[in-house]
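Numbering (this note's numbering), first residue to last: 4 to 157.
A short worksheet on the structure shown next.
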C-alpha cells in the first residue's frame, strides 16, 4: 500500500509500502511520529496533540490540485466596528469632549491654515476632554483617527 499525508492541503509526506496502521511522521512539534487507529508498532505511546477535523481515504492517487480543491482553508472573520466617536459641545466656550476613542488614537486640533494647537495620542480607549479656552475665537478642526470635525470656539 502506498500513500501521502497532507496537512491543510499541503503534502507533508509520501510513503512506499505501508503497514496496516496509520502512521504519520513529524506531525507533532519536535518530529514526534503520530499514529491514528491500530498500529503494528508495539510501543504506541506518542499522541497527536491537536485536532483532526477531517480524514479522507481514497482508493486512487489524487493530484496536488485535486487535494487543494478538497481543502478549503478560508475562514470568515467579521471585523468588529468601533462605535462612532462624538464631539460636544459645538460651538464651545472652552472644554470639548470626544468619546469613545479606540486605543492608540492620535487626536489633533488645528486651525484653518494647518497650525496644530493640540496633539495627544490616547493610550487607552475611552473619552478625552480638551481645553480650548486659551485659543482665540474662530473655527478649528479636530481630527481623531480617520474622523475630522469642524468646531467653533466662541
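All residues carry an ideal CB built from backbone N, CA and C; glycine is no exception.
Could you check which residue in 100, 155, 118 has the C-alpha nearest to that of residue 129?
The candidate whose alpha carbon is nearest that of residue 129 is 100.
I'd like to know whether the C-beta atoms of residue 113 and residue 143 end up nearer to each other than 8 Å.
Taking 8 Å as the cut-off, the beta carbon of residue 113 is found closer than this to the beta carbon of residue 143.
How is residue 40 classed by DSSP in three states: helix, strand or coil?
Low local confidence applies: a pLDDT of 49 at residue 40 is under 50, so the model's placement there is unreliable, with the coordinate-based value given in what follows. Coil.
Taking the straight line between their C-alpha atoms, what separation do you get for residue 86 and residue 154?
21 Å
With DSSP as the reference, identify every bridge partner of residue 132, one or two as the case may be.
Looking at the DSSP assignment, residue 132 forms a beta bridge with 100.
Where residue 134 and residue 98 are concerned, what is the direct C-alpha to C-alpha distance, given to the nearest angstrom?
4 Å
Name the DSSP bridge partner or partners of residue 95?
156
How far does the alpha helix (DSSP H) with residue 122 in it extend, from its first residue to its last?
DSSP places residue 122 in no alpha helix (DSSP H) but in the uninterrupted beta strand (DSSP E) bounded by 119-125.
Could you spell out where the beta strand (DSSP E) holding residue 67 opens and where it closes?
Note, residue 67: premise wrong, no beta strand (DSSP E); alpha helix (DSSP H) at 67-73.
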